[in-house]
Amino acid sequence: MVKAPPASSLDDDLRTHLDARESAAIRRHLRPISSRMGPRVMVDGQSILQFCSNDYLGITSHPVVTRAAEVALSHYGTGAGSARLVVGTSSPHSKLEQAIAQLKQTEAALALSSGYHANTGVLPALTTSEDVIFSDALNHASIIDGCRLSHAATKVYRHNDVEHLATLLSTAITARRRFIVTESVFAMDGDLAPLSALVSIAKEYDALLVVDEAHATGVFGPQGGGLVQELQLGTHIAVQIGTLSKAIGALGGYVAGSQTLIDTLINEARTFIYTTALPPAVAASATAAIQVIIQEPERREQLWSHTNFLRNALGAAGYHIHPGNSPIIPVMVGDAAITVALSNALFEHGVLVSAIRPPTVPPGTARLRVTPMATHTQTDLEEAVDAFSAVGRDAGYIK
């Protein structure tokens, strides 16, 4: 009988790999916090001003949202019990999907357990080996994995380069279907996809446009419906995908589109069929959050005011800010080790900002990713800018 290798041999290999990541300044560590998410969080008993949450509108602690979760928790308990095709669909799930469809102005919607599940489920469900997917070079990891899990060929076009996309599309005229997949707001750069141009090129090459609105939902659009809504392009987008965990402040993902699309995903999307549904209390809180987003536009206005202030102030302080028009403000550094050092120094000054490094971003483009919340105060913003200025000068990074 052959003995299994001792666990320590695996640990030794993994430790070597972790040490290599440490040397390259790309090893990640968890930082425990002991408070609810908000402009300030408790870390090791200390109140820290944070600018790295995606809770853009500060909805996770909104009393209407937390109360909706409490009521549903009391009525439905902690979990859904199984997948919805096995145990059934609770009222909170149905109401959530109606609210998503209302927000996105589509016929129907489907809620999934995460945004990652949405992206890794949709493309495999809709494509065959006779199809071709055209994916932006800076798309989120979940989109990349969705492409890999599909049976379709995938061609990657240069970031936001419509001409390069057209060149690639011209080589796939004989494909059964062509899918163009993009984020509307890119998670790490904070720039916007040229959606109007993508709609035009999709028409020219008879392609279907799939748009991930994860960082646009709640932030763009007159009702917070996203960049697609703001540009009035909804009728031209075949599939809209997003998350419930950012501006909506809960957990989960969604797909919005035609009723036929949703019916197909219910029958074909493995990430919907073979996993337990969202807890009903989470679904109820997300539904309440969507109503807050629609009914309280002042939260978006405050978020944009904070965004403009920080972008201008950090640039004036001497930092290189990546161009963009979203609440994602990348402070470009380049070197991973320097980025980590700046992040650690900011923490010592009472400000939490994450160092974003490879492989999340391309080598040589490490950055501090700053994201304000609508619920930050002007004093919070000024304190953060002062910390950035002090840290940058002390490190000799800015003058």
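If you're matching positions, the sequence shown starts at 59 in the numbering used here and goes up one per residue. Quick reminder that beta carbons are idealized off the backbone N, C-alpha and C, glycines included.
Quick check on Gln163: does DSSP put it in helix, strand or coil?
coil
Ordered list of alpha helix (DSSP H) runs contained in the segment 205-241, each at least 4 residues
Taken in chain order, the unbroken stretches of alpha helix (DSSP H) that lie wholly in the segment 205-241 and span 4 residues or more are 220-227.
Pull up the distance between the alpha-carbon of Pro355 and that of Leu336, whole angstroms please.
27 Å
Put His51 into one of helix, strand or coil per three-state DSSP.
Nothing can be reported for residue 51, as the shown portion of the chain is limited to 59 through 457.
Indicate whether Phe237 and Leu196 have their beta-carbon atoms separated by less than 7 Å.
Between Phe237 and Leu196, the CB-CB gap reaches or exceeds 7 Å.
What number of angstroms, rounded off, separates the C-alpha of Ile456 from the C-alpha of Tyr114?
28 Å
Boundaries of the alpha helix (DSSP H) in which Ile456 is found, first to last residue
From DSSP, Ile456 is part of no alpha helix (DSSP H); its letter is neither H nor E.
Pull up the DSSP beta-bridge partners for Leu168, would you.
Leu168 is bridged to Val313.
Three-state secondary structure (DSSP) at Leu115?
coil
Whose C-beta lies closer than 7 Å to the C-beta of Cys110 among residues of the same chain, with five residues either side of it excluded?
Leu410, Val411, Ser412, Arg427 and Thr429
Can you check which of these residues, Ser105, Val449, Gly116 and Arg79, is closest to Thr433 by C-alpha distance?
Gly116
If you reduce the DSSP assignment to three classes, tell me which class Ser303 lands in.
DSSP places Ser303 in the coil class of the three-state scheme, outside both helix and strand.
Consult DSSP for Gly392 and reduce its assignment to one of helix, strand or coil.
strand
Give a yes or no on whether the C-beta atoms belonging to Ala274 and Leu256 are separated by under 7 Å.
no
Go ahead and pull the three-state DSSP assignment for Leu285.
Here Leu285 sits in helix by DSSP.
Taking only the alpha-carbon atoms, compute the straight-line gap between Leu188 and Lys213 and give it to the nearest angstrom.
One detail in the question is off: residue 188 reads as Glu in this sequence, not Leu. Cα to Cα, the separation comes out at about 14 Å.
Is it true that the segment 166-183 meets the segment 192-210, where meeting means three or more beta-carbon pairs spaced less than 8 Å apart?
yes
Whole angstroms is fine: what's the gap from His209's alpha carbon to Glu288's?
33 Å
In whole angstroms, what separates the C-alpha of Thr293 from that of Ala371?
39 Å
Start-to-end residues for the beta strand (DSSP E) that takes in Ala413:
Ser412 to Ile414
Per DSSP, what kind of secondary structure is Phe192 in: helix, strand or coil?
strand
Could you give the distance in angstroms between the alpha-carbon of Gly139 and the alpha-carbon of His87?
32 Å
Distance between Asp444 and Leu400 (C-alpha atoms, nearest Å):
14 Å
If Leu168 sits next to Phe330, beta carbons under 8 Å apart, how far is it from one beta carbon to the other, in whole angstroms?
7 Å
Less than 7 Å between C-beta atoms, sequence neighbours within five positions excluded: which residues of the same chain meet that for Ala130?
Pro150, Pro338, Ala339 and Ala342
Per DSSP, what are the beta-bridge partners of Ile106 in this structure?
Val99
Ala82 versus Ala394: straight-line alpha-carbon distance, rounded
Roughly 8 Å between the two C-alpha positions.
Please report how far the alpha carbon of Asp71 lies from the alpha carbon of Pro416, in whole angstroms.
21 Å
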